[in-house]
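Worksheet: one structure, shown below.
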Amino acid sequence: MTIALVTGATQGLGLALAEGLAQRLKPTDTVYLTGRDAVRVAAAVGSVQGSAQVRGELFDVAQPNSAHDLAEQLKQRHGGVDIVFGNAVMRIGPDDDPREIADEYTQVNNFGTTRLLREFAPLLNDNGRLLVVASSLGTLHHLAPVLHGRFTAPSTLDEIDDQIARWRDEIKENRTGAWPGFVNIPSKIGQVAAVRVLAAQRREEDTERGILIASACPGMINTPTSALWWDVSTAPTPAQAAKALLDLALDPVKREHYGELVRHGEVVPFS
Numbered sequence: 002m003t004i005a006l007v008t009g010a011t012q013g014l015g016l017a018l019a020e021g022l023a024q025r026l027k028p029t030d031t032v033y034l035t036g037r038d039a040v041r042v043a044a045a046v047g048s049v050q051g052s053a054q055v056r057g058e059l060f061d062v063a064q065p066n067s068a069h070d071l072a073e074q075l076k077q078r079h080g081g082v083d084i085v086f087g088n089a090v091m092r093i094g095p096d097d098d099p100r101e102i103a104d105e106y107t108q109v110n111n112f113g114t115t116r117l118l119r120e121f122a123p124l125l126n127d128n129g130r131l132l133v134v135a136s137s138l139g140t141l142h143h144l145a146p147v148l149h150g151r152f153t154a155p156s157t158l159d160e161i162d163d164q165i166a167r168w169r170d171e172i173k174e175n176r177t178g179a180w181p182g183f184v185n186i187p188s189k190i191g192q193v194a195a196v197r198v199l200a201a202q203r204r205e206e207d208t209e210r211g212i213l214i215a216s217a218c219p220g221m222i223n224t225p226t227s228a229l230w231w232d233v234s235t236a237p238t239p240a241q242a243a244k245a246l247l248d249l250a251l252d253p254v255k256r257e258h259y260g261e262l263v264r265h266g267e268v269v270p271f272s
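In the working numbering, the protein residues as written are 2 to 272.
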């Protein structure tokens with residue numbers, strides 16, 4: 002019996018991941034489709050077609066205790082989990098003022114990610130997968146060299162959180178310095194760095210147990226939010242983009258993927 006969890010799963014890529022899992026898993030398996038709005042979660046569950054059981058759960062990653070509470074529930078019900086997709090994200094548009102959205106943005110995208118990593122990595126069964134949906138923007142190539150140490154020096158998730166909090170405060174105080182204007186870049190780098198830190202701590206044990214922890218880039222996707230920034234008219238649909246991520250979750254582990262950012266089966270170098 003496989004237990005899978007997808008965060009941010011009421012629309013777009015998250016919904017496509019939940020449906021893809023439901024279609025590729027067995028009737029004895031369970032996919033937890035999560036989101037922060039009960040009505041939208043119920044509607045999403047009702048829309049999914051597949052053979053596995055799909056259960057809706059309220060899960061707001063921005064709430065400090067939410068990851069812990071859900072992890073405890075799943076531990077009591079199942080003992081552990083097999084697949085976790087961290088896909089929850091706060092979407093922003095070109096007209097959003099970074100100073101006004103910095104608190105909520107980092108709570109969802111970054112602190113939500115580290116909470117998920119802390120709580121669900123210990124629940125992974127043998128051969129489990131913990132995948133954070135990130136972006137190829139989450140590499141140091143997109144960041145001024147003077148800032149690289151902010152993401153390469155930390156060796157714990159707490160230290161990553163400290164760096165994200167520091168960046169958030171600099172945005173709010175308009176002390177942006179060498180930071181790029183597009184807040185998605187440092188945020189994604191923070192997510193990838195968090196995965197790398199956790200993987201460095203767990204590598205030996207996870208290798209023995211067949212576990213994969215990684216971040217994953219789905220590439221450009223044709224969604225209304227992406228269309229605010231780029232021409233996505235020829236980009237893959239969420240269902241098409243989900244395929245490579247589902248393969249990463251369900252195919253045999255490639256050890257070179259461990260702790261790395263993976264796009265279409267290939268490692269994207271962090272630096």
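Positions of the beta carbon are idealized from the N, C-alpha and C atoms, including for glycine.
Asked                                                                                                                                                             : Found
Enumerate, from N- to C-terminal direction, the unbroken alpha helix (DSSP H) stretches of 4 or more residues contained entirely within the segment 58–100.       : 67–79
Could you spell out where the alpha helix (DSSP H) holding S48 opens and where it closes?                                                                         : A39 to S48
In three-state terms, what does DSSP make of G31?                                                                                                                 : It is worth fixing the name first, because residue 31 is Thr in this sequence and not Gly. The answer is strand: DSSP assigns T31 an E or B state.
Hey, L26 and A10: beta-carbon distance below 7 Å or not?                                                                                                          : no
What do you reckon, are the CB atoms on A19 and V40 nearer than 7 Å?                                                                                              : no
If you follow the alpha helix (DSSP H) that I165 is in, where does it begin and where does it stop?                                                               : L158 to K173
Take every Cβ of the segment 91–105, pair it with every Cβ of the segment 50–57, and state whether three or more of those distances are shorter than 8 Å.         : no
Go ahead and label T29 buried or exposed: buried means 16 or more other beta carbons lie within 10 angstroms of its beta carbon, across all protein chains shown. : exposed
Three or more C-beta pairs under 8 Å: does that hold for the segment 149–166 against the segment 236–250?                                                         : no
Could you please give the first and the last residue of the uninterrupted alpha helix (DSSP H) stretch that includes L6?                                          : That residue, L6, is in no alpha helix (DSSP H); its beta strand (DSSP E) goes I4 to V7.
Buried or exposed: A179, going by 16 or more other Cβ atoms within 10 Å of its Cβ?                                                                                : exposed
Could you round the C-beta distance between S216 and G139 to whole angstroms and report it? I think they count as a contact, below 8 Å.                           : 7 Å
Going by DSSP in three states, E209 sits in which element: helix, strand or coil?                                                                                 : helix
Short of 8 Å in beta carbon distance, which residues of its chain neighbour V82, apart from the five on each side in sequence? Order them along the chain.        : I4, A5, L6, L75, F121, L124, L125, N126 and G129
For E120, does the three-state DSSP call read helix, strand or coil?                                                                                              : helix
D127 by DSSP, collapsed to three states: which one?                                                                                                               : strand
Thinking P193 and L262 are a contact (beta carbons under 8 Å), I'd like their distance in whole angstroms, please.                                                : The displayed chain sequence assigns Val, not Pro, to residue 193. With 8 Å as the limit, V193 and L262 qualify as a contact, their Cβ atoms being about 5 Å apart.
Please classify Q50: is it buried, with 16 or more other beta-carbons within 10 angstroms of its beta-carbon, or exposed?                                         : exposed
Of all the options P270, I186 and G47, which has the alpha carbon lying nearest to the alpha carbon of N111?                                                      : I186
Can you name the residues that DSSP bridges to V184?                                                                                                              : Partner(s): none; V184 has no beta bridge.
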